Amino acid sequence: MSTFVYMTRCDGCGHCVDICPSDIMHIDENIRRAKNIEPNFCWECYSCVKACPNHAIDVRGYADFAPMGHSVRVRREEEKGTISWKIKFRNGTEKNFVSPITTKPWGKFIPKLADGDKPNQGEINSQRLYTEPEGLNIDGELPTVPKESFKKGVYY
Amino acid sequence: MFATNPFSILAETVPSVVMQGFVVLMILLIVAGTLLDIIHKKNVKYFFENAKKAKKNATKELTTGERIAVVSKTIAYDIGTTSELGAGKRRVAHLLGMYGTILFWIGSVVMIFCYSSANAETPTIWPMIWHVGALMTILGGSWFWFFLRVDVYSEAQPWYRIIKADLFVLALIATSLTGFIWSYLQSLNLEGRWDANLFLVLFIVSNLVLFGGVYWSKFAHMFYKPGAAIQKNLAEADGSRDNLPPPADAPEQFGLGIKREQPKHY
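Respectively, the protein sequence lines represent chains A and B. If you're matching positions, the first sequence starts at 29 in the working numbering and goes up one per residue. If you're matching positions, the second sequence starts at 4 in the working numbering and goes up one per residue.
Below you can see the structure in the form of structure tokens.
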């Protein structure tokens with residue numbers, strides 16, 4: 029499954045770009061709306077779905093095991109501190125859940141990122157994610173796999 | 004300058020029928036560009052299919068009166084104040100650009116069609132509307148372009164990186180800016196000096212780019228976005244809600260949620 033964006037709903041605010049842990053929500057160069065640039069790398073974490081203030085992001089199920097007709101949608105209400113889910117099955121069964129937002133306020137347990145150092149353009153363009161490699165408890169460079177160690181003929 | 008109709012001065016050299024023909028041509032370009040866009044993106048078809056789906060999922064049949072109430076409220080609030088942008092700088096910049104452009108276009112059409120003949124007396128209000136509209140568009144558009152664009156604000160791209168999505172906003176700023184400068188130079192009574200003519204040519208070119216580029220630019224969003232807002236609010240009212248869960252009804256047990264930061268964590 030991967031996320032996709034309803035273009036008429038998106039207003040290009042950037043919340044999904046900001047929150048995506050896989051860094052695959054980007055801004056389209058033709059219409060300045062969000063898009064998932066690499067659906068294969070989507071973690072299905074629903075972070076962007078929940079963060080979108082316009083409910084413009086949805087998750088598409090693979091047609092073989094989640095055929096057309098089902099739906100999993102979510103409404104996040106910050107002011108109430110709630111996350112509501114609506115699960116719709118193919119046979120019409122509906123399940124509704126409401127749970128509290130358990131995310132701690134910014135700056136308490138989550139670092140207040142806006143107060144941190146602004147990254148330079150080199151860091152922004154780098155493949156590394158925020159706090160890498162220190163956050164992975166690695167000294168120096170990220171580990172690499174030498175190309176010659178690849179098995180031949182099995183990658184496609 | 005703010006009280007002078009720039010098109011009546013232009014009418015001394017260019018017949019007003021030519022100016023009126025230019026406006027009609029621009030309207031035809033908008034219609035053609037939007038129709039091509041609709042055919043290419045199939046978005047109107049999508050809208051109607053979505054509306055059919057919503058009707059099937061509706062839990063409540065809306066009366067005509069309720070529909071009219073929802074649509075009127077959407078026009079007055081969601082569309083009129085671009086509420087989807089939330090409270091903040093993006094909304095203010097958008098409102099400046101939106102109302103500036105509307106004033107600029109209405110001012111242009113009225114002055115060209117009613118007061119562009121050489122001996123016509125233009126009421127002061129129309130040139131005022133035209134110039135204020137141009138200034139508002141320049142201010143809102145430039146604010147958006149330099150600081151608030153999502154590419155700059157959330158993706159940390161440099162402000163000078165130009166992409167296809169910028170065609171609309173840049174053409175809009177260029178039209179208002181060149182029009183405003185042309186009007187200013189004309190008011191100096193330069194007797195056809197090269198720079199006044201240059202800005203007139205730039206004003207015409209930027210209009211051609213703005214209206215001729217509808218198919219390639221984001222111009223048509225001013226038609227689609229209101230449609231999407233009306234559909235969204237009708238879906239909320241009839242209970243289909245695009246499959247979204249209803250707003251939570253037991254907030255007191257969970258207390259206050261968190262206030263998220265603006266998307267600037269590139």
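All C-beta atoms in this analysis are idealised placements derived from N, C-alpha and C, irrespective of residue type, glycine included. In this text, all values refer to a predicted model and were calculated from it rather than measured experimentally.
Element boundaries [beta strand (DSSP E), containing residue i]
| i | result |
| --- | --- |
| M53(A) | 53 to 55 |
| N64(A) | 62 to 64 |
| D231(A) | Here chain A covers residues 29 to 184 and nothing more, so residue 231(A) does not appear. |
| T31(A) | 30 to 33 |
| W219(B) | Careful: W219(B) lies outside any beta strand (DSSP E) and carries neither H nor E. |
| E107(A) | Per DSSP, E107(A) belongs to no beta strand (DSSP E) and is neither H nor E. |
Beta-carbon gap between residue i and residue j smaller than 8 Å
| i | j | result |
| --- | --- | --- |
| A96(B) | F147(B) | yes |
| V73(B) | L237(B) | yes |
| A57(B) | D252(B) | no |
| V126(A) | T110(A) | yes |
| L175(B) | T140(B) | yes |
| E105(A) | K114(A) | no |
| D86(A) | L157(A) | no |
| K92(B) | A142(A) | no |
| T37(B) | V217(B) | yes |
| V102(A) | T31(A) | no |
| G120(A) | M29(A) | no |
| N82(A) | D39(A) | yes |
| E87(B) | A232(B) | yes |
| V14(A) | E158(B) | Because chain A in this structure spans residues 29 to 184, residue 14(A) falls outside the shown range and cannot be described. |
| I132(B) | G110(B) | yes |
| A177(B) | S220(B) | no |
| P9(B) | W129(B) | no |
| A79(B) | F107(B) | no |
| A84(A) | Y34(A) | yes |
| S19(B) | S120(B) | yes |
| F50(B) | G230(B) | yes |
| S75(A) | C41(A) | no |
| N46(B) | Y227(B) | yes |
| P161(B) | S112(A) | no |
| F150(B) | G182(B) | no |
Residue i, DSSP secondary structure in three states
| i | result |
| --- | --- |
| W146(B) | helix |
| N148(A) | coil |
| F125(A) | strand |
| V45(A) | helix |
| W71(A) | coil |
| K167(B) | coil |
| K180(A) | coil |
| R244(B) | helix |
| V135(B) | helix |
| K132(A) | coil |
| K116(A) | strand |
| R37(A) | coil |
| S186(B) | helix |
| V34(B) | helix |
| V17(B) | coil |
| V208(B) | helix |
| V100(A) | strand |
| I111(A) | strand |
| V26(B) | helix |
| V77(A) | helix |
| A177(B) | helix |
| P171(A) | coil |
| D40(B) | helix |
| T127(B) | coil |
Closer than 7 Å at the beta carbon, the chain E residues around residue i
| i | result |
| --- | --- |
| S86(B) | Of the protein chains in the structure, A and B, none is chain E. |
Bounding residues of the alpha helix (DSSP H) (the contiguous stretch that carries residue i)
| i | result |
| --- | --- |
| F226(B) | 224 to 240 |
| R263(B) | It is not in any alpha helix (DSSP H) - R263(B) carries neither H nor E in the DSSP assignment. |
| A57(B) | 46 to 60 |
| L88(B) | From DSSP, L88(B) is part of no alpha helix (DSSP H); its letter is neither H nor E. |
| V153(B) | 153 to 156 |
| L99(B) | 92 to 117 |
| S75(B) | 67 to 76 |
| L315(B) | Shown here, chain B extends from 4 to 269; a query on residue 315(B) therefore has no answer. |
Heavy atom of the ligand HEM within 7 Å of residue i beta-carbon
| i | result |
| --- | --- |
| L38(B) | For the structure depicted, the ligand HEM is absent and the ligand set is empty, with no information on it obtainable. |
Contact between the stretch 146 to 165 of chain B and the stretch 9 to 25 of chain B (3+ Cβ pairs under 8 Å):
no
Could you check whether the stretch 162 to 179 of chain A touches the stretch 184 to 192 of chain B, counting it as contact only if at least three pairs of C-beta atoms, one from each stretch, sit closer than 8 Å?
no
Given a limit of 7 Å on CB to CB distance, which residues of the stretch 107 to 130 of chain A reach chain B?
E107, K108, G109, T110, S112, W113, K114, K116, N124, V126, P128, I129
Examine the Cβ distances between the stretch 46 to 59 of chain A and the stretch 165 to 174 of chain B and report whether three or more of them are shorter than 8 Å.
yes
Assess, as a yes-or-no matter, whether the stretch 207 to 225 of chain B is touched by the stretch 58 to 65 of chain B under the definition of 3 or more beta carbon pairs within less than 8 Å.
no
Below 8 Å, can you find three or more Cβ-Cβ pairs linking the stretch 41 to 58 of chain B to the stretch 104 to 118 of chain B?
no
To be precise: take each residue of the stretch 76 to 110 of chain B, compare its Cβ to all Cβ atoms of chain A, and keep it if any distance is under 8 Å. Which residues remain?
E87, L88, G89, R93
Using a Cβ-Cβ cut-off of less than 7 Å, list which residues of the stretch 142 to 170 of chain B approach chain A; keep chain order.
V153, D154, Y156, S157, E158, A159, I166, K167, A168
Contact residues within the stretch 142 to 161 of chain A, judged by C-beta distance below 8 Å to chain B
A142, P147, Q149, I152, Y158
Could you please tell me which residues of the stretch 38 to 53 of chain A, in chain order, have their CB closer than 7 Å to any CB of chain B?
D39, G40, C41, G42, H43, V45, D46
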